[in-house]
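In what follows, a single structure is set out as structure tokens and then discussed.
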Amino acid sequence: MTESKRLLLIDGNSVAFRAFFALYTALNSMTNADGLHTNAIFGFNRMLDIMLEDVKPTDALVAFDAGKVTFRTKKYADYKGGRSKTPPELSEQMPVIRQLLAARGIKSYELKNYEADDIIGTMAKQAETAGYETTIFTGDRDLTQLTSDKTSVAVSKKGVTEVETYTPEHVEEKLGVRPDQIIEIKGLQGDTSDNYPGVTGVGPKTAVSLIQKYGTIDGVYENMDKITAKKMKEHLIEDKDSAFQSRDLATIRRDAPIEIKLSDLTYKGDQQDELVKFYQEMNFQSYLNKMNTDAGDEDVLGLKPVEFTVLTADNLNELAQFKDHVSFYLEMPDANYHTSTFAGFVIGEGDKWFVSRDVELLKQAPVKDLLTSDKVQKDVFDLKRTYVGLNRLGIHLSNVDFDLLLASYLLDTNENSNDLGRLAFQHGYHQIQSDEEVYGKGAKRAIPDDDQLFFEHLTRKGITIESLKKSLFKQLDENEQTKLYRDLELPMAYVLAHMEIAGIMVDTDRLSAMQSEFTELLAQTQQTIFQEAGEEFNIGSPKQLQHILFEKLGLTPIKKTKTGYSTSVDVLEKLAAEAPIVENILKYRQISKIQSTYVEGLLKVVHSTDQKVHTRYLQTLTQTGRLSSVDPNLQNIPIRTEEGRRIRQAFIPSHKGWQIFSSDYSQIELRVLAHITHDKNLQEAFKEGDDIHASTARRIFHLGPDAEIDPNMRRQAKAVNFGIVYGISDFGLSQNIGITRKQARQFIDTYFEEYPGVKQYMTDIVASAKDKGYVETIAHRRRYLPDINARNFNQRSFAERTAMNTPIQGSAADIIKIAMIKMEDAIKDLQATMLLQVHDELIFEAPAEEIPTLEKLVPSVMDSAVKLEIPLKVESHYGNTWYEAK
DNA sequence: CTTTTCACG
DNA sequence: ACGTACGTGAAAAGC
1102 MTESKRLLLI DGNSVAFRAF FALYTALNSM TNADGLHTNA IFGFNRMLDI MLEDVKPTDA
1162 LVAFDAGKVT FRTKKYADYK GGRSKTPPEL SEQMPVIRQL LAARGIKSYE LKNYEADDII
1222 GTMAKQAETA GYETTIFTGD RDLTQLTSDK TSVAVSKKGV TEVETYTPEH VEEKLGVRPD
1282 QIIEIKGLQG DTSDNYPGVT GVGPKTAVSL IQKYGTIDGV YENMDKITAK KMKEHLIEDK
1342 DSAFQSRDLA TIRRDAPIEI KLSDLTYKGD QQDELVKFYQ EMNFQSYLNK MNTDAGDEDV
1402 LGLKPVEFTV LTADNLNELA QFKDHVSFYL EMPDANYHTS TFAGFVIGEG DKWFVSRDVE
1462 LLKQAPVKDL LTSDKVQKDV FDLKRTYVGL NRLGIHLSNV DFDLLLASYL LDTNENSNDL
1522 GRLAFQHGYH QIQSDEEVYG KGAKRAIPDD DQLFFEHLTR KGITIESLKK SLFKQLDENE
1582 QTKLYRDLEL PMAYVLAHME IAGIMVDTDR LSAMQSEFTE LLAQTQQTIF QEAGEEFNIG
1642 SPKQLQHILF EKLGLTPIKK TKTGYSTSVD VLEKLAAEAP IVENILKYRQ ISKIQSTYVE
1702 GLLKVVHSTD QKVHTRYLQT LTQTGRLSSV DPNLQNIPIR TEEGRRIRQA FIPSHKGWQI
1762 FSSDYSQIEL RVLAHITHDK NLQEAFKEGD DIHASTARRI FHLGPDAEID PNMRRQAKAV
1822 NFGIVYGISD FGLSQNIGIT RKQARQFIDT YFEEYPGVKQ YMTDIVASAK DKGYVETIAH
1882 RRRYLPDINA RNFNQRSFAE RTAMNTPIQG SAADIIKIAM IKMEDAIKDL QATMLLQVHD
1942 ELIFEAPAEE IPTLEKLVPS VMDSAVKLEI PLKVESHYGN TWYEAK
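In terms of the working numbering, the first sequence has 1641 at position 540, counting the first letter as 1, and numbering is strictly consecutive.
This is the structure:
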């Protein structure tokens, strides 16, 4: 060998398929002048770039499937039967992908009666003989059977850029068998997506263990006398033909009658003229100028130049030109905008953009007037962040019309990002880079020193906000989400900003006292555990704990995790009777959790300036419309155990003589369920003011109206009610309350008989989700469920449960948000301040003399937030600390 | 950077 | 037969 040859073999259909779905959300925004969809072509090209860069091939081939009929379908008519057909939006792109390949100097090939796999298998074999290094690129894991010393298989995982590369060692590590044994596994377990059966009752686990033992399917049948499991043996005998046939179907051919030779595969590289023409036809601006041609005036990344003016004290007055409208972006490099430094800002409209690193300028009249004006509309990215940032500079942002981040979140909770550039890309706008690309990531992330670079990026942010406004508003309108945006989420951003800025006072002395107390307790418990274990070890390490419990002390493992035996609470509780050490470990875990996460964690984030914690509510994160809380998370402060609950003693009012006041919705999710299902029986219980879990117990256990409900029945009924809200499964319920799956099934069946409206709703909502692809809340909040029609049972089941749960959890989130907006207005003349929201609960601080007013006012605002078919119920508590407000 | 565990609704 | 409850965030360990 004089020079090394590197061959790149690409599975054209499977990669195109991956590219299409990776950019599925961009489907409608990516079309060329002729209306041709281009997302798969674009994605394919991106993936191609990555592979070419990675492999630097001397030779390359893209193999395509020749059509539906192959030698496999001739042998087995149902092969790949039942597959939903390729979407027309993808089919139309397939021939164009071949044009792309031609322009990029790569040969494509297909062969009648054979699949792309077989072409690749055959070519890879020839290449091996000829001493080539081969890389196969595909979206299909089945091709990993072709790995060898000379051949690796790169499988695209998710998105366009993520790839997992398989070598024989990696295959063995991941699957537990050698590459050549993959077909044996497939023969036994079959393949649902290719639609061949294998052996009944044999799934991946069984198949792998059989092949590990006997090497091949032939080996299995030669050793039938050693197989003791009766049912499995019967199935193996029964399905013997099927096993061999399935293996045959799974086997990629390495001797397909291909008419091309290795020497035909030379990678010629980009055909400049042809490729320019192609990119122009596809409207691929970014690629066009990556090629460094003069076909446009963009830079290497395909970005058109932008113009900006650096704002100074001398040209401030130019801002007076903006009379009706500006886009504004305030750059704060750290995620936490309560403490972040300020890096700069951009403000402007159309082709007039002003930028600066000096945020002090914002305090000057012309800029400040613009931002606070009720006449000039502002468009931003992340209103709450911008509001809090400006508030720190003494500027009260007002009259925001468009928030790109918020609007985008409402349109699709799945495809959302806090990165303006990345989010813009998802909406089909490419004239900006992501922050990650410009600023870097991880430890290297930094605002560039280069003014030109930084200011251009800022300017593009302003332009991006302006450019996407119209289209996103239009989409909100089409989704009937304008009201949700304008009357709910946009006002919500201000309310949350006010709450975050207010913060809640922390009694650090109290926390410090608890810290010493827990340190002592932990030390004691630790010593006891070491004695019981007979050695010292790190109790906080699951790995070391496993060793002590299951190896040294010989306790029985109950549950496995990916890496070993589980030591979680439910496991330890079952083991508690076997050894006293277990109880102590549970105690240690509980205290050390409270100590590290709450006592020490909270002390770390108290602002030294005001002795308060200022959380950030993430308004655009959850899939259901709930808020989440970070830095610190104030939505998971302990309450269920007394030791933990004491943390709440450290949350106190910020003024002397004030109280903490809290109101929570009682059973809001079940009430929402009663409302949206219209179930008569469930509604009746709420209208009568019954104890809902007792009422459910009465029904599912068929008890008379006067019968006593014992606590255990009520507990079980409560679990059933929870299960219903979560999208019930018999397994889940059985696990939760420790009954058999059969009993759980019985409970569920009875529940549905007693509450037929609920049953009907569950059926309908799943059907509707399958039909429309999304579910909605009462305020038209939307959640798309791409997996609702998945062939994979687990993915599909998960999506179905989500379809049942999201309208309930999400509508409850809508309700409390509406209440919060009304609340801010209702208490505006009081000194009382709203501080926290914990999903179904609002927490305030107020002077003691206002408590009687709040006791009437707050519940009335909350229970009248929306009109449902059943009443809402609110309970209130107050005290000197959050702990006492119970 | 991922995994495990555990805190909340 | 599959392998699960729904929605979150933080800490620590161990790669």
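The beta carbon of each residue, even a glycine, is placed where N, CA and C say it ideally should be.
In this text, all values refer to a predicted model and were calculated from it rather than measured experimentally.
_Just verifying my parser: in three-state terms, what is the DSSP assignment at residue 1180?_
coil
*asked:* Buried or exposed, going by whether 16 or more other CB atoms sit within 10 Å of the CB of residue 1900?
replied: buried
*From the DSSP output, read off the bridge partner residues of residue 1759.*
1948
*Does DSSP classify residue 1708 as helix, strand or coil?*
strand
_Assuming residue 1503 is part of the beta strand (DSSP E), what are its boundary residues?_
1501-1504
_What does the alpha-carbon distance come out to for the pair residue 1171 and residue 1359?_
14 angstroms
*Would you call residue 1490 buried or exposed, if buried means 16 or more other Cβ atoms sit within 10 Å of its Cβ?*
buried
*asked:* On the DSSP letters alone, give me the boundaries of the beta strand (DSSP E) that residue 1193 sits inside.
replied: Note, residue 1193: premise wrong, no beta strand (DSSP E); not H, not E.
_Looking at residue 1140: is its Cβ nearer than 7 angstroms to the Cβ of residue 1127?_
yes
*Would you decide whether residue 1216 is buried or exposed? Buried here means 16 or more other CB atoms lie within 10 Å of its CB.*
buried
*Classify residue 1981 as helix, strand or coil using the three-state DSSP reduction.*
coil
*So, helix, strand or coil for residue 1274, using DSSP?*
helix
_Can you look up residue 1445 in the DSSP assignment and give me helix, strand or coil?_
strand
_Suppose the cutoff is 7 angstroms on Cβ atoms and the five residues either side in sequence are ignored; what does the same chain contact list for residue 1395 look like?_
Residue placement at residue 1395 is poorly supported in this model, since its pLDDT is 43, which falls under 50; the coordinates are not used for a value here.
*Between the CA atoms of residue 1686 and residue 1630 - distance to the nearest angstrom*: 7 angstroms
*Segment contact flag, the segment 1870-1881 with the segment 1571-1591, C-beta cutoff 8 angstroms, min 3 pairs*: yes
*asked:* Please report the straight-line C-alpha distance between residue 1758 and residue 1930, rounded to a whole angstrom.
replied: 19 angstroms
*Tell me which same chain residues have a C-beta within less than 7 angstroms of the C-beta of residue 1219, skipping the five on either side of it?*
1353, 1354, 1357
*Run of the alpha helix (DSSP H) containing residue 1844, from where it starts to where it stops*: 1842-1855
*asked:* Using DSSP's beta-bridge definition, name the partner residues of residue 1464.
replied: None, per the DSSP bridge assignment.
*asked:* On the DSSP bridge list, what partners appear for residue 1938?
replied: 1943
*Whose C-alpha, out of 1173, 1925, 1941, is nearest the C-alpha of residue 1934?*
1925
_residue 1106 - DSSP class collapsed to helix/strand/coil_ = coil
*From residue 1733 to residue 1717, what does the alpha carbon distance come to, in whole angstroms?*
8 angstroms
*Among the residues of its own chain, which have a CB less than 6 angstroms from the CB of residue 1347, if the five just before and after it don't count?*
1288, 1291, 1297, 1299
*Please determine, among 1418, 1406, 1981, 1420, the residue with the shortest C-alpha to C-alpha distance to residue 1557.*
1406
*Check each candidate in 1591, 1750, 1684, 1208 and name the one with the smallest Cα separation from residue 1501.*
1591
_Pair within 7 angstroms by beta-carbon distance, residue 1153 and residue 1110_ = no
_DSSP three-state label for residue 1567, please._
helix
_Nearest neighbour of residue 1115, chosen from 1632, 1241, 1265 [CA to CA]_ = 1241
_What would DSSP say about residue 1498, mapped onto helix, strand or coil?_
coil
*Measure how close the beta-carbons of residue 1366 and residue 1108 come, nearest whole angstrom, since I'm counting them as under 8 angstroms.*
7 angstroms
_Buried or exposed, going by whether 16 or more other CB atoms sit within 10 Å of the CB of residue 1918?_
buried
*Please name the residue in 1516, 1794, 1961 whose C-alpha comes closest to that of residue 1124.*
1516
*residue 1225: which of 1248, 1840, 1867, 1211 sits nearest, CA to CA?*
1248
*Exposed or buried, residue 1332, counting other C-beta atoms within 10 Å across all chains shown (16 or more means buried)?*
exposed
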